[in-house]
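S.K.: Counting from 1, one number per residue, gives the positions in the sequence shown under the working numbering.
C-beta atoms are modelled at their ideal positions from N, C-alpha and C, and glycine is treated no differently.
A quick note: this is a predicted structure, and the numbers were derived from the prediction, not measured.
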Amino acid sequence: MSRSFYFLSDVHLGAGDPGLERLKVSRLKKLFAIIKDQPGPLYILGDLFDFWFEYRTVVQSEHFEVLAEMLELRRAGVEITLLAGNHDYWTGSFLEQRLGMNIVKDDLTVELDGKKVLLCHGDGLDPSDRDYRILKAALRNPLNIRLFSLIHPDLAVSFAHWFSKVSRTHLTRDKYADQAPLERQAGRLFALGYQAVVFGHTHQPALKEKDGRVFLNLGDFFGNFTYAVYREGKFRLEKIVD
1 MSRSFYFLSD VHLGAGDPGL ERLKVSRLKK LFAIIKDQPG PLYILGDLFD
51 FWFEYRTVVQ SEHFEVLAEM LELRRAGVEI TLLAGNHDYW TGSFLEQRLG
101 MNIVKDDLTV ELDGKKVLLC HGDGLDPSDR DYRILKAALR NPLNIRLFSL
151 IHPDLAVSFA HWFSKVSRTH LTRDKYADQA PLERQAGRLF ALGYQAVVFG
201 HTHQPALKEK DGRVFLNLGD FFGNFTYAVY REGKFRLEKI VD
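(1) Indicate whether the contact test is met: 3 or more Cβ pairs, each with one atom in the stretch 65–78 and one in the stretch 103–114, closer than 8 Å.
(2) Considering only residues of the same chain and omitting the five flanking positions on each side of G233, which have a CB-CB separation below 6 Å?
(3) Starting from F206 and walking both ways along the beta strand (DSSP E), at which residues does that stretch end?
(4) What is the DSSP secondary structure of F221, reduced to helix, strand or coil?
(5) Would you report the Cα separation of S9 and A191, rounded to the nearest angstrom?
(6) Less than 8 Å between the beta carbons of T226 and L237, yes or no?
(7) With a CB to CB cut of under 7 Å and the five nearest residues on each side skipped, what residues in its chain are close to F32?
(8) Decide yes or no for the touch test of the stretch 17–26 against the stretch 203–214: beta carbon pairs closer than 8 Å, at least 3 of them.
(9) Write down every uninterrupted run of the alpha helix (DSSP H) in the stretch 7–89 whose length is 4 residues or greater and which is fully enclosed by it, in chain order.
(10) Does the Cβ of V11 have 16 or more other Cβ atoms within 10 Å, making it buried, or fewer, making it exposed?
(11) Quick one: what's got a C-beta closer than 6 Å to Y194's C-beta in the same chain, skipping five residues either side?
(12) Where does V241 fall in DSSP's three states?
(13) Have a look at P181 and P205 and give me their C-alpha separation to the nearest angstrom.
(14) From the DSSP output, in three-state form, read off N150 for me.
(15) In this structure, how does DSSP classify E111 when only helix, strand and coil are distinguished?
(16) Taking only the alpha-carbon atoms, compute the straight-line gap between F7 and L82 and give it to the nearest angstrom.
(17) Per DSSP, T243 is paired with what?
(18) Report the option in C120, D154 and Y230 whose CA atom is closest to the CA atom of A186.
(19) Out of F235, H201 and G223, state which residue places its alpha-carbon closest to the alpha-carbon of D47.
(20) Quick check: E65 and V25, are their CB atoms within less than 8 Å of each other?
(21) Rounded to whole angstroms, how far is the Cβ of F5 from the Cβ of P41, which I believe are closer than 8 Å?
(22) For the candidate residues V214, Y230, F235 and K239, whose alpha-carbon lies nearest to that of F253?
(23) Taking 8 Å as the threshold (C-beta atoms), are P142 and V78 in contact?
(24) Could you please give the first and the last residue of the uninterrupted alpha helix (DSSP H) stretch that includes E96?
(25) Please list, in chain order, all residues of the same chain as Y230 whose beta carbon is under 6 Å from its beta carbon, the five residues on each side excluded.
(26) From which residue to which residue does the alpha helix (DSSP H) around L192 run?
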């Protein structure tokens, strides 16, 4: 049987009401069961959490159930790689040392059946989005991160969830729906020798293939509940349902 590779992004754990959060966890468990049944590496392309910030001695209790499920997945021999998103960039050693995950702070190039594939969250793909690039640089500034770490975790998490909610209300669906800038940037990457570009961030699932080149937007896992699998030389966009 051909080896499988799984791709997921934008679960935004902690962002929804209690009912939606239970649904996310339930459907993540179904996805993890699929992966255990047909094992293969899992790549999470950012924003698994709506907010994640590691302190030396504190872990966010709201994510305990999912962290436990991911630990079981690791114990089953599944390799998990988490690429930093714009909501969960601030990872430390916990996910690596306690859960055995691979943490990648930037884009990642992998090879699948000899194909050069770029994996990224996608928040830096649109070169015209200058305002966001400035914000991204500020959020990743080491001094700002250090100052934020001095805030009590309860206050920091509450503020982060509030800021995330406010940000979502100012991002129109039309802006997210316009994938043309992303497709143009993917074209530039194809010219550099990539056969596929896989990303998330915009929450708009899309799988387009032309002349052997693949443009894959993973969508999200809170409304669309989509993920992708690569098997037998092909990418497929799948959906988890009840």
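M.R.: Inspection of the coordinates gives the following:
(1) no
(2) Looking up residue 233 in the sequence shown gives position 233. Apart from the 5 residues on each side of it in sequence, G233 sits with its Cβ closer than 6 Å to the Cβ of D113 in its chain, given in chain order.
(3) Mapped onto the sequence shown, residue 206 falls at position 206. The amino acid at residue 206 is misidentified as Phe; the sequence shows Ala. A206 to K210 is the span of the beta strand (DSSP E), which, as asked, contains A206.
(4) Position 221 of the sequence shown holds residue 221. In the structure shown, F221 sits in coil (DSSP, three-state: anything other than H, G, I, E or B).
(5) Residue numbering aside, residue 9 sits at position 9 when the sequence shown is read from its first letter. Residue numbering aside, residue 191 sits at position 191 when the sequence shown is read from its first letter. C-alpha separation (whole angstroms): 25 Å.
(6) Position 226 of the sequence shown, counting from 1, holds the residue named residue 226. Position 237 of the sequence shown, counting from 1, holds the residue named residue 237. Going by C-beta atoms, T226 is nearer than 8 Å to L237.
(7) Taking the first residue of the sequence shown as 1, we reach residue 32 at position 32. Taken in chain order, the residues that qualify are E69 and L73.
(8) Put simply, the stretch 17–26 does not touch the stretch 203–214. Fewer than three CB pairs are less than 8 Å apart.
(9) Within the stretch 7–89, the complete alpha helix (DSSP H) runs of at least 4 residues are 18–37 and 64–75.
(10) Reading the sequence shown from its first residue, position 11 is the one you call residue 11. That one is buried.
(11) Working through the sequence shown from its first residue, we reach residue 194 at position 194. Only K116 and L118 meet the Cβ criterion.
(12) Residue numbering aside, residue 241 sits at position 241 when the sequence shown is read from its first letter. Of the three classes helix, strand and coil, the one that applies to V241 here is coil, per DSSP.
(13) Counted from its first residue, the sequence shown places residue 181 at position 181. Counted from its first residue, the sequence shown places residue 205 at position 205. Going by the C-alpha atoms only, they are around 15 Å apart.
(14) If you number the sequence shown from 1, residue 150 lands on position 150. In the sequence under discussion, the amino acid at residue 150 is Leu, which differs from the Asn named in the question. In the structure shown, L150 sits in coil (DSSP, three-state: anything other than H, G, I, E or B).
(15) Position 111 of the sequence shown holds residue 111. Three-state result, E111: strand.
(16) What you label residue 7 is simply residue 7 of the sequence shown in a count that begins at 1. What you label residue 82 is simply residue 82 of the sequence shown in a count that begins at 1. If I take the Cα positions, the gap works out to 10 Å.
(17) In the structure displayed, the chain extends from 1 to 242; residue 243 sits before or after that span and is not available.
(18) Within the sequence shown, residue 186 is the residue found at index 186, counting from 1. Looking at the Cα atoms, C120 is the closest of the given residues.
(19) The sequence position of residue 47 within the sequence shown is 47, counting from 1. When each option's Cα is compared against that of D47, the closest is H201.
(20) Taking the first residue of the sequence shown as position 1, residue 65 is located at position 65. Taking the first residue of the sequence shown as position 1, residue 25 is located at position 25. In contact: E65 and V25 (Cβ atoms closer than 8 Å).
(21) Counted from its first residue, the sequence shown places residue 5 at position 5. Counted from its first residue, the sequence shown places residue 41 at position 41. That belief holds up - the Cβ atoms of F5 and P41 are roughly 6 Å apart, short of 8 Å.
(22) Here the chain has residues from 1 to 242 only, and residue 253 is not among them.
(23) Position 78 of the sequence shown, counted from the start, is the residue given in the question as residue 78. Position 142 of the sequence shown, counted from the start, is the residue given in the question as residue 142. No, the pair does not count as a contact, with Cβ atoms beyond the cut-off.
(24) Translated into the one-based positions of the sequence shown, residue 96 becomes position 96. Its alpha helix (DSSP H) spans residues F94 to Q97.
(25) Reading the sequence shown from its first residue, position 230 is the one you call residue 230. Around Y230: F5 and L112.
(26) In the sequence shown, residue 192 corresponds to position 192, counting from 1. Looking at the DSSP string, L192 is not in any alpha helix (DSSP H), and its letter there is neither H nor E.
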